[in-house]
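Written out below as structure tokens is the structure these notes cover.
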Amino acid sequence: MRVGIVGHEGLSDLSEMLVRSDLWRLVSTFGSYDLVGVTCLAAGPETWFAQSVLEYGGKVEVIVSAGAGKAGAFAGEGRQTRQRLMNEATAVHRLAPVEVGGLGDDTCRALVAMVDELIAVWDGRPEGHTAEVVRAAERAGLYVQVVWPQGCESPAR
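Right, here's the structure in full:
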């Protein structure tokens, strides 16, 4: 089973604890032998999911946007963890730049095309990247499992 992840960055410590617990619970419902987690390894839920998949015995594949190499993949807090997870991935899918428009690419479309279902750590608000990926997954007919535990706080925007 190929499972993708998308989620809000910048969650509070309490929200992180709640989300990590729910992600582990979800990951453990799959058979570890056939679980492939697909992620862009953004800070927060996407990284936590990859850690859970690997700890459970599954495999991880990473999608890297075209601009990541030039901008320095994995800058900021958690950079070393995300780099280690990328090194442990069974595959790294590097997206080509869009021909028109420079370095832009469509990680959303790539993620949706590569998975059987999607986990979204999402507060349900209609704006933002997470909402965009959820809508694309639903249009593609994918099952979307929303993770937003009671007590979770929306990130500041």
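When we follow my numbering, the leftmost residue of the sequence shown carries the number 6, and every step to the right adds one.
The beta carbon of each residue, even a glycine, is placed where N, CA and C say it ideally should be.
**Study point:** Local conformation of Arg99 per DSSP, three classes
**Key:** By 1-based counting over the sequence shown, the position of residue 99 is 94. Arg99 falls in the strand class under three-state DSSP.
**Study point:** Start-end ranges of the beta strand (DSSP E) lying completely within the region 128-152, minimum 3 residues
**Key:** Listed in chain order, the complete beta strand (DSSP E) runs (minimum 3 residues) inside the region 128-152 are 148-152.
Review point. When the Cα atoms are used, what is the spatial distance from Arg99 to Pro50?
Key: By 1-based counting over the sequence shown, the position of residue 99 is 94. By 1-based counting over the sequence shown, the position of residue 50 is 45. Computed Cα separation, rounded: 21 Å.
Point to revise | Terminal residues of the beta strand (DSSP E) in which Thr34 lies | key: By one-based count along the sequence shown, residue 34 stands at place 29. No beta strand (DSSP E) contains Thr34, which DSSP labels as neither H nor E.
Review point. Since Gly9 sits in a beta bridge, which residues does DSSP pair it with?
Key: Taking the sequence shown and counting its residues from 1, the one referred to as residue 9 is at position 4. Paired residue(s): Val43 and Leu123.
Exercise for review: Would you grab the beta carbon distance between Val67 and Met91 for me? Rounded to a whole angstrom, and I think it's under 8 Å.
Suggested key: Locating residue 67 in the sequence shown gives position 62, where the first residue counts as 1. Locating residue 91 in the sequence shown gives position 86, where the first residue counts as 1. Under the criterion of beta carbons closer than 8 Å, Val67 and Met91 qualify as touching, at roughly 5 Å.
Point to revise | Whole-angstrom C-beta distance between Gly12 and Thr112, which should lie under 8 Å | key: To locate residue 112, count along the sequence shown from 1; it is residue 107. To locate residue 12, count along the sequence shown from 1; it is residue 7. Contact annotation, Thr112 with Gly12: C-beta distance approximately 13 Å; criterion of less than 8 Å not satisfied.
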